[in-house]
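For the sequence shown, UniProt numbering begins at 1 and goes up steadily by one. Note that CB positions come from ideal geometry on N, CA and C, so glycine has one too. On a predicted model such as this, the values are computed, not experimentally measured, just so you know. Taking it in order: structure first as structure tokens, then the write-up.
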Amino acid sequence: MKDFFISYTANDVNWAIWISKILEESGFSTVLQAKDFRPGANFVYEMFKAVEAERTIAVYSADYFASLFTMAEWGAAFQADPRGEKRPIIPIKVKPCEVPKMLKSIVFVDVVGKDQETSKQLILDAVANENPFDLSKAEFPGSKVSHQNHLAPDLSTKEAAKSLLEILDTAWATFQAQVKLRNKLAQKVKDRIQNTKHLQYEEFFHEYFDQMTADELILHRTIRAYTSTVLAEYNQSALDLIKQNRALSSELPRLNELKSHLELWLAKFHGIFESTPSSCLIYVGVEEKKGFPVGIEEELRAYLG
């Protein structure tokens, strides 16, 4: 049995390989798809063996949380030890992203923006069986209090902007993954049913829901899961963050447009989507003139410098 199974998405393969390298150089054994799944092998069987590793390293990024395949991988590790007593999942955040609520209770290693040596040491400390924290290096922080209090308001607003940007970037990655499935489902229905009506995607899937095949219904449920378990959470988190940080909206007025859009989206989610099984998507804002404020992410990046 291997020490670590490295769970990642394709866009982060270089991170996964590097993490595998430093772990194996330190005496650990690892398994990951890029290194160990050979051409011609049975993917399901190889994955089954991989998730039996002692622990799972989850390579966190926006793309990671947008992938249903990686959800299954860390889900298997979590079920084996839901209390985390044996630390079955060791998350390593390699790119800015918003961590879903169900995983926020698991402390992660953050190597975003860190140099190579610092990142390596943080990862090795995280996988160590003994806690490497050295209390002897602790310094009295009293002399810095007044300076920190002076900076607190600015830091708070900047942190809010950073958190909001991570939420929006992760939601966008999820939305893009959902769009691919949306297009696939629409094409399947159009190829099978002649002369389908020209409707918007929401109306189209609702119209032909009762005529969908078993395979099409699986796609429909997957698209719906993206909406109900991922996008709804991120949209609510973004809205809460905007409401709780009014100073940020004062500095970036277009956040008020985003707030109106999110409120409309969530109202439709709770008022219609949840009670309508044929619904799998939510698109709002065009008719109501409360569309998503295009370019708001770039404004946040510019604000953060």
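Q: Look up R182 in the DSSP assignment and say whether it is helix, strand or coil.
A: Helix.
Q. Closest by CA to T229, which one among F273, L255 and T196?
A. If we check each option's Cα against that of T229, F273 comes out closest.
Q: Just mark R182 as buried or exposed, buried being the case when its beta carbon has 16 or more other beta carbons within 10 Å.
A: Its Cβ being crowded by 16 or more others within 10 Å, R182 is buried.
Q. Between which two residues does the beta strand (DSSP E) harbouring V107 extend?
A. Per DSSP, V107 belongs to no beta strand (DSSP E) and is neither H nor E.
(Q) If you reduce the DSSP assignment to three classes, tell me which class T213 lands in. (A) T213 falls in the coil class under three-state DSSP.
(Q) If I measure Cβ to Cβ from T196 and keep anything under 6 Å in the same chain, skipping five residues before and after, which residues do I get? (A) Answer for T196: K190, listed in chain order.
Q. What does V59 pair with, by DSSP beta-bridge criteria?
A. Its beta-bridge partners are I92.
Q) With DSSP run on the structure shown, which of helix, strand or coil describes F292? A) Correct three-state label for F292: coil.
**Q.** N- and C-terminal bounds of the alpha helix (DSSP H) containing I22
**A.** V13 to E25 is the span of the alpha helix (DSSP H), which, as asked, contains I22.
Q: Could you please give the first and the last residue of the uninterrupted alpha helix (DSSP H) stretch that includes S250?
A: S250 -> alpha helix (DSSP H) spans R246 to E251.
Q.
Rounded to whole angstroms, what is the Cα-Cα separation between E263 and L239?
A. Pairing E263 with L239, the inter-Cα distance amounts to about 7 Å.
(Q) Let me confirm a value: H270 is counted as buried when at least 16 other C-beta atoms fall within 10 Å, else exposed. Which label applies? (A) Looking at its Cβ environment, which holds fewer than 16 other Cβ atoms inside 10 Å, H270 is exposed.
Q: Take V94 and list the residues in its own chain whose beta-carbon comes closer than 8 Å to its own, dropping the five residues that flank it on each side.
A: The beta carbon of V94 lies closer than 8 Å to those of D12, W15, V59, Y60, S61, V111 and V112 in the same chain, with the five residues before and after it left out.
**Q.** Distance between T170 and C97 (C-alpha atoms, nearest Å)
**A.** Each residue's alpha carbon lies about 5 Å from the other.
Q | Unbroken alpha helix (DSSP H) run spanning I123, endpoints | A | Where I123 is concerned, the enclosing alpha helix (DSSP H) stretches over Q116 to V127.
Q: Give the DSSP bridge partners of I6, in chain order.
A: In the DSSP output, where bridge partners are listed per residue, I6 has I57.
Q. Counting Cβ pairs closer than 8 Å, one from the segment 282 to 292 and one from the segment 243 to 250, do we hit at least three?
A. With a cut-off of 8 Å, the segment 243 to 250 and the segment 282 to 292 do not count as touching, because too few Cβ pairs lie within range.
Q | Residue from F205, K158 and L199 whose Cα sits closest to the Cα of S250 | A | Comparing Cα positions, the closest option is K158.
Q.
On the DSSP letters alone, give me the boundaries of the alpha helix (DSSP H) that F269 sits inside.
A. For F269, the uninterrupted alpha helix (DSSP H) run begins and ends at L255 to G271, by DSSP.
Q) Is T276 helix, strand or coil when you go by DSSP? A) Here T276 carries a coil assignment [DSSP, helix/strand/coil].
Q) Leaving out five residues before and five after D3 in sequence, what residues of the same chain have Cβ atoms less than 6 Å from its Cβ? A) The residues are F28, S29 and E54.
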